[in-house]
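From first to last, the protein sequence lines are chains U and Z.
Everything in the first sequence is counted per my numbering, starting at 1 for the first residue and increasing by one.
Everything in the second sequence is counted per my numbering, starting at 352 for the first residue and increasing by one.
Virtual Cβ for every residue (Gly too), placed ideally from N, Cα, C.
Just so it is clear, the structure is predicted and the values come from calculations on it, not from any experiment.
2 protein chains.
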Amino acid sequence: MAGHGARSRSGGRPTLEEVAARAGVGRGTVSRVINGSPRVSDATRAAVEAAVDELGYVPNTAARALAANRTDAIALVVPEPETRFFAEPYFSDMLKGVGAELSETEMQLLLIFAGSDRERQRLAQYLAAHRVDGVLLVSVHADDPLPDLLAQLEIPAVISGPRSAAETLTSVDSDNYGGARSAVEHLLSRGRTRIAHITGRLDVYGAQRRVDGYREALLDAGHAVDEHLIQPGDFTEEGGRRAMKELLARRPDVDAVFAGSDVMAAGARQVLREEGRVIPDDVALVGYDDSAIARHMDPPLTSVRQPIEEMGRSMIDLLLAEIADRRPATSRGLERRQAVLATELVTRASS
Amino acid sequence: MAGHGARSRSGGRPTLEEVAARAGVGRGTVSRVINGSPRVSDATRAAVEAAVDELGYVPNTAARALAANRTDAIALVVPEPETRFFAEPYFSDMLKGVGAELSETEMQLLLIFAGSDRERQRLAQYLAAHRVDGVLLVSVHADDPLPDLLAQLEIPAVISGPRSAAETLTSVDSDNYGGARSAVEHLLSRGRTRIAHITGRLDVYGAQRRVDGYREALLDAGHAVDEHLIQPGDFTEEGGRRAMKELLARRPDVDAVFAGSDVMAAGARQVLREEGRVIPDDVALVGYDDSAIARHMDPPLTSVRQPIEEMGRSMIDLLLAEIADRRPATSRGLERRQAVLATELVTRASS
DNA sequence: ATCACCGGTGGGAGCGCTCCCACGGTACCT
DNA sequence: AGGTACCGTGGGAGCGCTCCCACCGGTGAT
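If you want it as structure tokens, here you go:
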């Protein structure tokens with residue numbers, strides 16, 4: 001049972017002290033070298049590095065965390081695992097970006113689920129215990145208490161998809177407004193004039209911004225906005241179906257639909273087909289997210305691509321900056337950080 | 352529940368010692384209570400628990416890890432983030448299961464990417480430093496050195512998708528053989544007789560097992576296996592296209608295709624449509640994975656569903672058992688653990 | 001010459017926990 | 001009665017690291 005002195009000499013990992021002995025220096029000096037302090041002579045540094053290599057020394061994270069009161073870990077908090085969010089490429093793409101950026105550092109990534117009440121309670125304990133240096137928040141609802149908890153505990157955090165225009169947390173977002181504009185402008189350029197919009201859940205800020213983009217693209221092109229062409233959806237396929245039916249009932253002459261998500265576009269497509277409307281001849285269709293569904297739809301769906309992987313990278317960058325800033329306890333001298341990344345319209349046969 | 356006056360003391364979280372003082376007992380006793388040791392009287396336990404509640408005590412993981420030489424963390428190693436694996440629901444579903452099962456415990460989940468060489472090297476260091484109590488391995492190639500490294504370091508590990516019939520690691524798998532059988536039996540029951548199979552990469556054990564299931568389902572139904580109807584694919588859409596073209600060239604009278612993945616089925620469908628074959632009238636099509644693509648394909652694709660979430664749960668169960676077994680240093684007295692979970696055929700319009 | 005200073009260094013003092021030994025007490029033997 | 005067996009309990013001794021203070025010798029200023 002790995003007793004205290006038991007495995008120390010045989011199989012155990014070398015310690016700082018052993019490296020120090022080997023390099024003929026003190027413990028403090030080795031620590032300085034490991035942590036990249038500049039206050040070490042070149043000769044000493046070289047000797048220590050040699051010893052580290054020879055012994056295959058790897059710092060003990062637990063000891064470091066205990067002594068330095070930091071964890072070198074950040075948490076990615078995933079709310080409601082059962083939603084579309086999790087199944088969409090969104091999550092994995094973001095993770096890809098996060099992972100890539102993180103691999104440049106010594107930080108480790110913790111995945112924390114906060115779906116059930118039980119999980120959320122555990123999370124609160126977790127944060128209270130300061131077991132991570134920072135937190136990444138994704139797809140958070142407007143009324144979620146988590147951001148406030150983080151602010152109160154003074155734990156650095158970055159949120160993807162700000163909750164409102166007045167988001168207080170550092171945030172990363174894609175340009176929902178611009179993305180929506182580009183979709184509508186594209187449809188206009190294809191000669192469509194009666195362009196409907198199936199919105200996402202309007203308590204999601206990004207969905208609101210897409211509506212804004214839709215409106216202003218029309219206005220800027222000299223078209224009036226017909227409120228009957230704006231139909232609220234909820235990001236689900238069934239919601240897309242319902243919205244499309246409603247639209248067709250109200251404005252049978254609709255000649256284009258901009259859906260706030262690919263999934264809703266898929267629902268809309270089903271209804272259009274059932275009603276005998278040919279895509280894109282009768283009705284052009286544009287989605288949002290550029291997910292796998294878009295590529296595999298029949299016809300393939302024009303969609304707005306978000307740079308999700310870059311958003312992941314961005315989140316890490318901002319979070320690390322935030323953590324670094326807080327280290328020397330400069331207190332709250334930080335300006336509010338924010339990143340908004342550009343979207344791209346991927347044109348396919350549906351429009 | 353929230354610590355009242357305790358929290359206001361600026362000095363940070365309460366320690367074991369403070370809890371002990373408050374409860375009027377020694378440090379060791381509090382430790383025993385926290386860790387659920389039975390060697391504590393009921394009265395003492397109650398007093399300690401009260402003190403814990405009042406102070407809002409949460410154990411310091413770093414200190415515990417340092418003293419006890421364990422981490423209470425397990426790692427999920429994700430190889431090659433760029434593959435289909437990551438984008439498919441596979442990953443998120445598995446994560447869902449893993450998360451659900453893990454939330455019953457105190458363990459935390461680390462996500463480690465092992466795509467690039469750099470990342471793999473970091474991973475090796477990680478493992479060498481024993482920074483996790485156990486490892487979850489997913490979608491590992493047959494020639495990956497990782498499993499051997501884990502065995503050598505004696506780190507408990509569970510692999511999803513064994514690399515071969517002789518897999519030495521504890522493994523969790525879905526019943527690829529049975530899944531393939533059910534697909535073929537279904538096609539036979541629909542009166543199809545010239546059933547082709549587009550295989551996955553045959554260096555993947557699961558893909559081999561699907562071929563086995565395909566063969567034996569035919570044989571058991573009294574049909575000969577026509578090797579010309581077995582066409583190797585590679586799990587990609589383009590591979591599915593190529594395979595389908597080849598099949599049509601060789602056996603134009605094929606009346607059903609069982610593809611080893613939905614993505615390959617999507618490729619096959621494109622070719623079938625290009626060649627004017629109607630699904631399912633001319634050719635029935637069955638996929639594997641029951642992914643989003645299957646539901647959104649036109650016509651919707653019959654597919655074999657794997658209980659991925661349960662596989663995730665299973666992996667955790669097995670890993671925790673393995674870790675627990677290793678704790679009292681019973682050495683290698685463990686039988687080889689293995690779990691194989693049943694699949695389910697989801698019938699849709701394509702067959 | 002003296003003094004102040006500074007870069008480079010060694011090592012003590014913890015960080016908060018677990019492990020384990022020692023200890024007093026009770027219960028049961030001989 | 002003494003002995004032996006436990007219980008439940010307290011607290012010392014670390015775990016491997018960072019932090020920080022003291023120290024040393026070499027500068028440049030006085």
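Where Z/Q459 is concerned, the enclosing beta strand (DSSP E) starts and stops at 459–465.
Here the stretch 504–519 of chain Z makes contact with the stretch 475–492 of chain Z; the two share three or more CB pairs at distances below 8 Å. The count of Cβ pairs closer than 8 Å, one atom from the stretch 237–257 of chain U and one from the stretch 204–213 of chain U, stays below three, leaving the stretches out of contact. For chain Z, the residues of the stretch 102–113 of chain U that bring a beta carbon within less than 7 Å of one of its beta carbons are S103, Q108, L109, L110, L111, F113, in chain order. Sequence-ordered contacts of the stretch 391–417 of chain Z with chain U read G407, V409, P410, N411, T412, A413, A414, R415, A416, L417 [C-beta pairs closer than 9 Å]. In the structure shown, U/Q270 falls within a helical segment according to DSSP collapsed to helix, strand and coil.
For Z/T694, there is no enclosing alpha helix (DSSP H), as DSSP marks it with neither H nor E. Ranked by Cα distance from Z/T694, the first of Z/N527, Z/R415, Z/L570 is Z/N527.
Contact residues of the stretch 628–660 of chain Z toward chain U are A643, I644, H647, M648, D649 (C-beta to C-beta distance below 7 Å).
By a beta-carbon distance limit of 8 Å, U/R269 does not contact U/L248. Their separation comes to about 13 Å.
Annotation: Z/E400 to Z/A419 spans about 22 Å, alpha carbon to alpha carbon. When only Cα atoms are considered, Z/V381 and Z/E405 end up about 14 Å apart. Around U/A129, the beta-carbon contacts reaching into chain Z at under 8 Å are R364, V409, P410, N411, T412. For Z/D524, the uninterrupted beta strand (DSSP E) run begins and ends at 521–525, by DSSP.
For the stretch 222–252 of chain U, the set of positions with a beta-carbon nearer than 7 Å to some beta-carbon of chain Z is empty.
For U/I323, the enclosing alpha helix (DSSP H) has its first and last residue at 308–326. Spanning the alpha carbons of Z/Q582 and Z/S454 requires a straight line of approximately 43 Å.
At a cut-off of 7 Å between beta carbons, Z/A617 contacts chain U.
Distance from U/L16 to U/S182 at the Cβ level is roughly 55 Å; contact not present, criterion being Cβ atoms closer than 8 Å.
In this structure, DSSP gives U/H296 a helical state, which the three-state scheme calls helix. Our two residues, Z/P650 and U/S350, have alpha carbons roughly 18 Å apart in a direct line.
Listed in chain order, the alpha helix (DSSP H) runs fully inside the stretch 174–219 of chain U are 176–189, counting runs of at least 4 residues. When the Cα atoms are used, U/V172 and U/V340 turn out to be separated by approximately 6 Å. A Cβ-Cβ separation of about 4 Å places U/A23 in contact with U/A51 under the 8 Å criterion. With a cutoff of 7 Å on beta-carbon distance, U/V283 and U/M244 are scored as not near each other.
Inside the stretch 371–417 of chain Z, DSSP marks whole alpha helix (DSSP H) runs of 4 or more residues at positions 378–385, 393–406, from first to last along the chain.
For U/R120, the enclosing alpha helix (DSSP H) starts and ends at 117–128. Contact check for U/A196 against U/L229 passes: the beta carbons are separated by less than 7 Å. Of all alpha-carbon atoms in U/R250, U/G56, U/P145, U/A124, the one lying nearest the alpha-carbon of U/R13 is that of U/G56. For Z/D495 and Z/P603, the gap between their C-alpha atoms comes out near 39 Å. Under a criterion of Cβ atoms nearer than 8 Å, the residues of chain U adjacent to Z/Q476 are, in order, V58. At a cut-off of 7 Å between beta-carbon atoms, U/E119 makes contact with chain Z.
Close partners of Z/R473 in chain U (Cβ separation under 8 Å): S103. Under the three-state reduction of DSSP, Z/G590 is assigned to helix.
Leaving aside the five residues that flank Z/D554 on each side, the residues in its chain whose CB is nearer than 6 Å to its CB run, in chain order, A493. Linking Z/D585 to Z/A616 through their CA atoms gives a straight-line distance of about 12 Å.
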